[in-house]
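*Asks:*
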Amino acid sequence: MTTNDTSQEAISLLQDLGLQEYEARCFIALNKLPNGTAKDIHEISEVPRTRVYDAIRVLESQGLVEVQHTSPQVYRAVGIEEATQTLRQKYEDRIATLETHLENTEVKDIEENDHIQEVWSLTGHDAIESRTIDLIREAESEIAFLVVDEDILSETLLESLQTAAQNDISVVLGGQTETITETLGAETSTTRVFETGLDWLTGSASDNEVAISRILLVDRETLLIGSYYPNTPGGKTKEQAVFARGLENGIVVLLRRLVTAGLPQIKDPGH
């Protein structure tokens, strides 16, 4: 990545963190200088000189820039560690505020249905990882988890499985390969682990078939199944999942039986 590419990426990230484009450009320009005047910043950042002053005032108010009151005024960026800490705190404060607002949002009451059935879809590895961990943490009695794609075995995921087992949750783990099984056994010592032998989960290596990445069954009523195209560039990062909840949901019943067919330790609840 060239210097220009690096600078542009940094500017984009600063915008993601709440700065306007001119503010981000001025801040990056000052990071290239020990200090500089508005003219210096204008020449490096390509921000119109009349707009540099406005951008610097905002950066100063946010604790990202220091000002020396000479004639002309001289500016310098605060240290990298201080700047990142300031931006991190600002970002965390916004998330905390958002969380408060969301928690205080009035939810309209709906008629409760004891037989509610849900089927939802999720897209993206990070979202599916987060939902997987949430479901594991919410488990009350039993977790059955089949791991087909080794890349999903994050440290956080393994820790959540271990914690569940330590909290007297019945945890049974299946690995598609010997390597996955060994990893699960080493990282989750209080659980039952076995190799699935369900070769159909990965599809055909020669064709661009969809492959299963994970199957999670929680408390015999909630299922999450992840999938991806292994022969597609970026296929694993574009993981998709179906999330189904509801004991009487037909999809849940069908997939539960497929899962329990590979888990001899767990009886099919339908029997």
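Going by the working numbering, the letters in the sequence shown line up with residues 21 to 291, in that order. All residues carry an ideal CB built from backbone N, CA and C; glycine is no exception.
1. Threshold first: 3 residues or longer. Then list the beta strand (DSSP E) segments lying entirely within the segment 158 to 193, N to C.
2. Would the segment 179 to 187 count as touching the segment 141 to 148 if we require 3 or more Cβ pairs under 8 Å?
3. To the nearest whole angstrom, what separates the beta carbons of GLU158 and ILE189, a pair I think is in contact under 8 Å?
4. Would you kindly check if the distance between the Cβ of ILE200 and the Cβ of GLU170 is under 7 Å?
5. Nearest by alpha-carbon distance to SER209: which of ALA231, GLN186 and GLU229 is it?
6. With which residues is GLY246 paired in a DSSP beta bridge?
7. In three-state DSSP terms, what is ASP154?
8. Roughly how many angstroms separate the alpha carbons of LEU118 and GLY38, rounded to a whole number?
9. Please state the DSSP three-state secondary structure of GLY205.
10. Could you tell me the distance, in whole angstroms, from the CA atom of VAL94 to the CA atom of GLU126?
11. According to DSSP, THR143 sits in a beta bridge with which residue or residues?
12. Taking LEU166 and ILE235 to be in contact with their CB atoms under 8 Å, please state how far apart those CB atoms are, rounded to whole angstroms.
*Replies:* In short, the structure shows the following:
1. List check, beta strand (DSSP E) in window: 162 to 167.
2. no
3. Not quite, the Cβ-Cβ distance comes to about 10 Å (not below 8 Å), so this is no contact.
4. yes
5. GLN186
6. ARG234 and ALA261
7. Correct three-state label for ASP154: helix.
8. 14 Å
9. helix
10. Distance from the CA atom of VAL94 to the CA atom of GLU126, rounded to whole angstroms, is 50 Å.
11. GLN260
12. 4 Å
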